[in-house]
Every structure is written in C-alpha cells, then in structure tokens.
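If you're matching positions, the sequence shown starts at 1212 in our numbering and goes up one per residue.
Note that beta-carbon positions come from the ideal geometry of N, C-alpha and C, so glycine has one too.
Worksheet for the structure shown next.
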Amino acid sequence: MNGSRRLRISLLAVTSAALLGSGVTAAAATPGAQPDRDRPKAASEAPVERLIVGYETKAAEAKSDTEAREDAEAKGRKAGEALSFERRLGTGAALVDLGDELKGGSLQDVIDTFEADPDVAYVDRDTRMYATAAPNDTYYNRQWDLFEATAGMNVQNAWDGGATGRGVTVAVIDTGYVTHSDLGANIVPGYDFISDATAARDGGGRDGNPRDEGDWSAENECYSGSRASDSSWHGTHVAGTVAAVANNGKGVAGVAYNAKVQPVRVLGKCGGSTADIADAIVWASGGSVPGVPANPSPADVINLSLGGSGSCQTITQNAVNGAVGRGTTVVVAAGNSNTNAAGFTPANCGNVVNVAASDREGNRASYSNYGSSIDITAPGGETAYSSANGILSTLNSSSTTPGTENYEAYQGTSMATPHIAGLAALMYEKDPAVTPSRVESLIKNNARTLPGTCSGGCGYGLADAARTLAAMGGGTTPDPDPTEQVFTNSENWSIPDADGRYVYSNINVSGVSGYAPSDLKVSVDIKHTYRGDLRVQLVAPGGSIRTLKDTSASDSADNVLATYTVDASSVPASGTWQLRVTDVYSGDTGYIDSWSLTF
1212 MNGSRRLRIS LLAVTSAALL GSGVTAAAAT PGAQPDRDRP KAASEAPVER LIVGYETKAA
1272 EAKSDTEARE DAEAKGRKAG EALSFERRLG TGAALVDLGD ELKGGSLQDV IDTFEADPDV
1332 AYVDRDTRMY ATAAPNDTYY NRQWDLFEAT AGMNVQNAWD GGATGRGVTV AVIDTGYVTH
1392 SDLGANIVPG YDFISDATAA RDGGGRDGNP RDEGDWSAEN ECYSGSRASD SSWHGTHVAG
1452 TVAAVANNGK GVAGVAYNAK VQPVRVLGKC GGSTADIADA IVWASGGSVP GVPANPSPAD
1512 VINLSLGGSG SCQTITQNAV NGAVGRGTTV VVAAGNSNTN AAGFTPANCG NVVNVAASDR
1572 EGNRASYSNY GSSIDITAPG GETAYSSANG ILSTLNSSST TPGTENYEAY QGTSMATPHI
1632 AGLAALMYEK DPAVTPSRVE SLIKNNARTL PGTCSGGCGY GLADAARTLA AMGGGTTPDP
1692 DPTEQVFTNS ENWSIPDADG RYVYSNINVS GVSGYAPSDL KVSVDIKHTY RGDLRVQLVA
1752 PGGSIRTLKD TSASDSADNV LATYTVDASS VPASGTWQLR VTDVYSGDTG YIDSWSLTF
C-alpha cells in the first residue's frame, strides 16, 4: 500500500498498559460465586402465596370484608383448598391467602374458580419483586461508565425498563473481530471491505470474513517517520462495549448486551481508505455495493470509531445520507486531538451523531475533540493515572497476530462512541420504527449536564440512557404527555457570516387541529462559534414572527441549545412553520443542526 495515495483513516482509541489477563484464566471469583444473590429468580419463577381479587362494584364482596371472607372460604371449599381473606387493599381489592401450600389442585384451578363468578372483575397473582441486581459478570464492578452516579451513563437503570437491545443489529465498522468468548454469541456475519491485500494481511482483497488479522506495523512502514505499533484489536474492544454478553458469569457486560454486532472490517495495517469505508457504510445499512453480496442482516445502527483530518468528503457524506435514508443511525467519534472536531472526518459530516469523550469525573477528557459539531458526550475514560479510570472491554493479548482473549482498559472517543451506539440499540428495541433523527433528538434532549468542566463545546452534555428510554415511554420517570405531538427538522442549514441574509428551516405541521397552544415548545440546536452574533426567530403560518433570541455582542459562548416557550394560541397549528436565523456580526460561522416543535 502506498500511504500517499490514500486518505489514512485511523482508529480513535488511546490504549493503556493495564492487561487484566485472559478470559479463560483470569479469576475474580467472589462475584461469580454468588449467582443466587446477583441474579434472583424472576417474579414469574417465585411461588405465589396470595391472590388479589377485584370484585365488581355492585357485588357485596366489594363493600364488605365479611362477605369477602365468606366468599374466599366458599371458593376454597369448591376448589378443595383452604383459602382465607387476609385484608382489604387500598384499591378496594381483596387479598386472599392460599395457605401454606395448595393441597388438592393447582393455582390455576383456584383462579378459574374465582373467574367463573360474574361478581369477580379480575384475579391477579400477588407476585414477588426483588431489588434490581447488577449482571454477574466478573468485571462488571469495574464498568463505572455504565452505573456510577457521577459520570456513568445510567445504563443499569435503563435495563430496568426491559430494554437490552434484543432484535437489534449494530454494525461496528472497524478493524474486524477477533474471536472472544464474551462476544461470540452476539456476533452475526459481517464483511471484510479492505481492498488492499497488503493492508488486509489475509492474502487477498475483499471477502466475507471480517476476522481481525492484526493491525501492527513496523517503524516507517506506513509513511516516513511513522512509529512502530502493536495490534490494537480495536474493533473487538468497541464491539464489547456495544454488546458483550451479560449474566454469563465472566468478563464484562455491553450497553446493549442482547443486541447483535456485525463486524465490518475497513482498518488494517496503516489504517483504511475513504473508499472502503464509504462502501462499508452503504453495505452495512442495506445498500448495494458492486461485487459484494447483499447484507443478509442490515444494521439499525452503525458505529464509526475512526477518523482522519480534513473536511467531510462527498463520497462519505453520500454514504452517510444513504444509510440514514434507509433508517440507520450513524454514530461517529469526535477524535482524540484535543482540538476542534470541525477539522476531522467523518465527525464533521452531516446526519451523524458526533460523540465527544468524558472522564470518570465528568470532565471533557483531556484528549477529546470539542466544538460546535459535537452532539453528545459519553464516557471515554482517561487512563493517565490509573487503568481503573479507562473503559474496560473485550480484547486480545497478542501484539501481532491473534492470540489469547483478554480484557483491557482503553481510553478515547472510540470508547465513547459505542456507548451511544449501544444506547441507540436499546432505543430501536423499544421502538423499531424510531427514525435516526428522533434517536439523535431524544439522546440530546435527555442528556444531563456534565458534572465536570468542558471547554470548547461538548454538545448537549452527558448522555443518560435511562432518561432517554423513559422519554420513549419506558424507564422509571413518568411517560410524556400522550397527547403531545413533536415535529422535527434535522437538515443542516449553513448560516452566512454577517451578510444580513436570513436562513430558513421549515417544518410542515399536519394533523393538528385548531390553534397552536399557548405554551408551544420550540427546541433549537444551532452550532455556532459565537452565538451572540445570531438573531433567532420563529415564523408562524401566515407570517407572524416571534423573536426567540436576539443578538448580544457580549455573549461569546458557543451554540444555541435551548427550548423556548411561545404563546402561539392565535395561530392555526397546521401549516408551514419556519425557524429564521441571521448572523449580524462578522468573524464566526455555524449552521442550524436541528429544531423541533412540540404541540
């Protein structure tokens, strides 16, 4: 491979030297030796000792404890059991004790006896609940990024809502996959898109085997002055963060531990090419690539923990647009150069979710890129002082060709990105019809403020998995108002610098009768390097204008990330609404990223 003829795209991780040992021999036996405590029986497996019996309001048993007691005893005699009325519940239902054990028949016989009575409205089992338990994976207690209150991504609480990624496929476009027993059950067939045989190290060009052959290189091998490097097994580390198998008594747990990972190999010795990566994006999302068999299981989510300097090339943008058009969410790493992500691709492409990295204290990680193009921040770790502060995941112990599986802590925006890809997988399980723009909007609008500091711009803040899923109608917080309707435009519109021209982004509202509400919510995401330059206005159907934000020479912060409340009660709801933005001062640029209206 002649490196000067290719745009070198590299992985975006910084490794630590903290090797935890092979998955076969490493022993942290104490957590694994207590599966009963870590994994209590499901409620459906626990014995039922009582029934909850609701009576029709007209029934005497609904009003009288004496009548309910007599009815329980009579039903027991009929079923051949010793039933007794225990107490009245706050809802008015009767709690019926089944006794020490059923004697003559089954639980279902008793339930059938009650349900045959027309005065009985319903019968429920009084099932047993348990405190939520963490997975029993031996290294789970080291995965601070999933559960710690300060700067974790609140993933464990998201699992409580029932979403684990089941039925969802995440394509990891990376170095490929090296066999690992903590991942194997969740791997589906992928593809090797490396067209250069030398870089691929597998004796040929593209083929159907995405096995990671190792990406080590010698000094000066990639370009003059390049350093020697060991194999990173980067794709396997990323894949483990997405979907390492949970509750198998070993290793780590992935964010979406029941999702499937599709390894798509594009990075080999000395990186990978833009052309190969673009083809991989198309194929992974279900598009057609000449000479390559159709993807049998197109991905719902694509993870791109890779990047290079320069602008977003047309071929990459077209590939991303095609993937998003097919319903695939594309998640990318911001880069590890501690500079503005606007200079790195594909982080600076449109239609992607651009992810910065935070450390264990919730600061922007020292290496992470930043800027107005960042959408969200996720745990990426920082291992300078301790490997315990990195992101632990599946790996391989060899420095060249595949060796023994192990686990290792890495840091990087490469590690932050699969946290968001995993969260997107949970969202697709929750709502298979969710769109990429809605995935992005929900993740951003349900983030929490970074607990530490961020200079330069970290998007909407630290992603919160539980809050995001709750906003979809699950989790531990109240469901959103079911009468609300949200309309979003996620197209990017460049804002000319100080030339007085207006930029308009339209939302066509239909199906909402009558007038708009007096508390119309207008959520705005504008990426800009000096927001005081901007005047932001809402233009209603019919032409009336509300100013959401005016210019201010002293407001030097980045970005307009805000939700405004507008009294639009005099305006018909349906029609074309416009966000109108103008830049009145020179020297800074930006664009409308997305905006939405909530009726």
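Is DSSP giving residue i helix, strand or coil here?
i	result
D1337	coil
L1318	helix
P1590	strand
P1783	strand
T1660	coil
S1598	helix
S1514	The sequence shown places Asn at residue 1514, not Ser. N1514 falls in the strand class under three-state DSSP.
K1252	Only weak support is given to the placement of K1252: the predicted model assigns it a pLDDT of 36, under 50, and the question is left unresolved by the model.
A1239	Note that A1239 scores 24 on pLDDT, short of 50, meaning its location in the model is unreliable; the coordinates nonetheless yield the value given after this. It is coil, neither helix nor strand.
Q1524	coil
E1297	strand
T1485	helix
W1494	helix
S1652	helix
T1386	coil
G1232	Below a pLDDT of 50, predicted positions are generally treated as unreliable, and G1232, at 31, falls in that range; the measurement from the model is reported next regardless. Here G1232 sits in strand by DSSP.
A1342	Low per-residue confidence applies at A1342: pLDDT is 46, beneath 50, and the placement is therefore not dependable, though the value from the model is reported in the following sentence. Here A1342 sits in coil by DSSP.
G1425	coil
Y1351	helix
A1505	coil
T1687	In this prediction, T1687 has a pLDDT of 37, which is less than 50 and means its spatial position is unreliable; what the coordinates show is noted afterwards. Three-state result, T1687: coil.
V1535	helix
N1529	helix
N1397	helix
A1644	coil
Name the two residues that bound the continuous beta strand (DSSP E) containing residue i.
i	result
F1698	1697-1700
R1757	1756-1760
G1265	1261-1266
A1567	1564-1569
T1540	1540-1544
For the alpha helix (DSSP H) that contains residue i, what are its first and last residues?
i	result
T1452	1445-1454
E1284	1276-1290
L1637	1624-1641
N1368	1366-1371
D1356	1355-1358
L1306	Taken as a continuous stretch (DSSP letters only), L1306 belongs to no alpha helix (DSSP H), being part of the beta strand (DSSP E) at 1305-1308.
R1678	1676-1681
A1410	1408-1411
My guess is that residue i and residue j are in contact by the Cβ rule of under 8 Å, so how many angstroms apart are they, rounded?
i	j	result
F1296	D1276	7 Å
L1306	D1337	7 Å
G1546	F1555	4 Å
M1364	A1635	About 12 Å separates the two Cβ atoms, so there is no contact after all.
A1470	V1453	7 Å
D1736	S1648	Contact flag wrong, Cβ pair sits at about 11 Å.
I1756	C1669	Actually they do not touch by this definition, with Cβ atoms about 32 Å apart.
N1549	Y1578	6 Å
Y1350	G1460	Rounded, the Cβ-Cβ distance is 11 Å, inconsistent with contact.
G1591	G1623	6 Å
A1558	G1521	With 8 Å as the limit, A1558 and G1521 do not qualify as a contact, their Cβ atoms being about 11 Å apart.
I1587	V1566	6 Å
Could you pull the DSSP bridge partners for residue i from this structure?
i	result
K1732	T1776, T1809
W1704	I1803
T1605	Y1618
Y1402	V1475
F1325	F1325 pairs with nothing; no bridge assigned.
H1739	G1801
R1177	Only positions 1212 to 1810 of the chain appear in the structure, and residue 1177 is not among them; the question remains open.
S1440	S1428
L1673	T1588, R1659
G1519	T1556
T1380	K1471
N1719	T1787
Is there at least one Cβ from chain D nearer than 9 Å to residue i's Cβ?
i	result
P1643	As a matter of chain content, chain D is missing from the structure shown, which is built from one protein chain.
**OP:** Take every Cβ of the region 1705-1712, pair it with every Cβ of the region 1652-1668, and state whether three or more of those distances are shorter than 8 Å.
**Re:** no
Original post:
Using 8 Å as the threshold, is the region 1420-1440 in touch with the region 1521-1530, meaning 3 or more CB pairs across them?
Top reply: no
Original post:
On the three-pair Cβ rule with 8 Å, is the region 1431-1443 touching the region 1366-1378?
Top reply: no
Original post:
Is the region 1696-1710 in contact with the region 1789-1808, if contact means three or more CB pairs nearer than 8 Å?
Top reply: yes
Original post:
Are the region 1398-1414 and the region 1473-1490 touching, with three or more C-beta to C-beta distances below 8 Å?
Top reply: Judged by Cβ distances under 8 Å, the region 1398-1414 makes contact with the region 1473-1490, as three or more pairs qualify.
Subject >> the region 1600-1616 / the region 1503-1515 touching (three or more Cβ pairs under 8 Å) >> reply: no
Original post:
Counting pairs of beta carbons, one from the region 1764-1777 and one from the region 1737-1744, are three or more of them closer than 8 Å?
Top reply: Contact between the region 1764-1777 and the region 1737-1744 is present, because at least three Cβ pairs lie under 8 Å.
Original post:
Per the contact definition of three or more C-beta pairs closer than 8 Å, is the region 1699-1706 in contact with the region 1670-1678?
Top reply: no
**OP:** Spell out a yes or no on whether the region 1487-1501 and the region 1638-1658 are touching, meaning 3 or more CB-CB pairs, one atom from each, closer than 8 Å.
**Re:** Contact between the region 1487-1501 and the region 1638-1658 is absent, because fewer than three Cβ pairs lie under 8 Å.
Subject >> Cβ contact check for the region 1721-1737 and the region 1778-1785: 3 or more pairs under 8 Å >> reply: yes
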